[in-house]
Amino acid sequence: MSYSTLSAGSSVLPLQQADALLVAENLDKSFVLHPQGGVRLPVLKGVSLTIQPGECVALQGPSGSGKSTFMRSLYANYRIDSGHIWVKHQGHWVDLPQLEPHQLMAVRQYTLGYVSQFLRVIPRVPAIEVAAEPLMDFGVEPEIAKEKIRQLFTQLNLPERLWQLSPTTFSGGEKQRVNIARAFAVDYPILLLDEPTSALDAANREVVMQLIAAHKVKGCGMVGIFHDDEVRERVCDRSLCFEEFN
Ligand code: ADP
Ligand code: MG
């Protein structure tokens, strides 16, 4: 295992964390509201989290306490003000905020998956192709990737008549199932889940809980926001609690 020292002045990963998959250290994040006179809104202050293989950690706390901001920061969708986000990528530790865009793309392609709350749809691209895309980017042959998606769509009770249609007109729950198939088809070492079951009925929530359990067995480390207490209690091993910033 090697440790990245990507730029002068960056600290290196603490040794005792070497078995982890992701180590977020002391994240600070404020939003600056430019249209409102540049008011600074502090959201994250010194937030740390370590993810080990095979565990699922819940982000818990009241609305507005920074759960989604933290998760988007872990995916480097948001730029943090300070801290480190160490990710074990293909055997090497990298600090996400310090990566070049093409390096970040590679981390997202092979190591760090994300189930966003909403599916980004492109008109005219069939659901099966939307869902197979990350698996093909991962290097899997198109026909094998599509077969894996057919299995997942079947498991998630997505009616076969929809598979060749663009998800543009799908219901919220149908889009969410395409999104889940997209991310769970790939064996990412780390998976971030932003309310993956919010639009699903009980039967499909159950399927998602089974998919999460199967990923844990394979050693995937997950971080999730779950509004449903039952889902959280069944799939999560522990919680990171957020409090509103005063
Ligand atoms: P949670 O997911 O716990 O409900 P969020 O992370 O969405 O909370 O929001 C935390 C705080 O940051 C809220 O006060 C919210 O208004 C603010 N916030 C979130 N995203 C932005 C943004 N892009 N620009 C400005 N403020 C934001
Ligand atoms: Mg949120």
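Read in the working numbering, the sequence shown has 167 at position 131, and its numbers run on one by one without any break. Think of the CB as a built atom: it goes at the ideal place given N, C-alpha and C, for glycine as much as any other residue.
- For A112, the CB contacts under 6 Å within the same chain, skipping 5 residues up- and downstream, are L132, L140 in chain order.
- The closest heavy atom of the ligand MG lies 7 Å or more from the beta carbon of S152.
- DSSP places N62 inside the beta strand (DSSP E), whose first and last residues are 58-69.
- Between D273 and V93, the alpha-carbon positions lie close to 6 Å from each other.
- Between the ligand MG and K65, a heavy atom-to-CB distance of less than 7 Å is absent.
- The C-beta distance from G127 to D64 rounds to 29 Å, too long to meet the 8 Å contact threshold.
- The Cβ-Cβ distance between N193 and A221 does not fall below 8 Å.
- The shortest CA-to-CA distance from A235 to any of R218, G74, G209 is the one to G209.
- F278 counts as buried, since at least 16 other C-beta atoms from the protein chains shown sit within 10 angstroms of its C-beta.
- DSSP, reduced to helix, strand and coil, places S207 outside both helices and strands of the structure shown, so it counts as coil.
- The ligand MG never approaches S234 closely enough for any of its heavy atoms to be under 7 Å from the residue's Cβ.
- For L228, the enclosing beta strand (DSSP E) stretches over residues 226-230.
- Distances between the C-beta of S202 and the heavy atoms of the ligand MG are all 7 Å or more.
- Checking the DSSP bridge columns, you'll see P78 partnered with S66.
- Taking the CA atoms as reference points, A142 sits about 18 Å from C256.
- With the rule of 3 Cβ pairs closer than 8 Å, the region 170-184 does not count as touching the region 237-254.
- Here I185 has I164, A167, A168, A217, A221 as same chain residues with Cβ atoms under 7 Å from its own Cβ, once five neighbours each way along the sequence are excluded.
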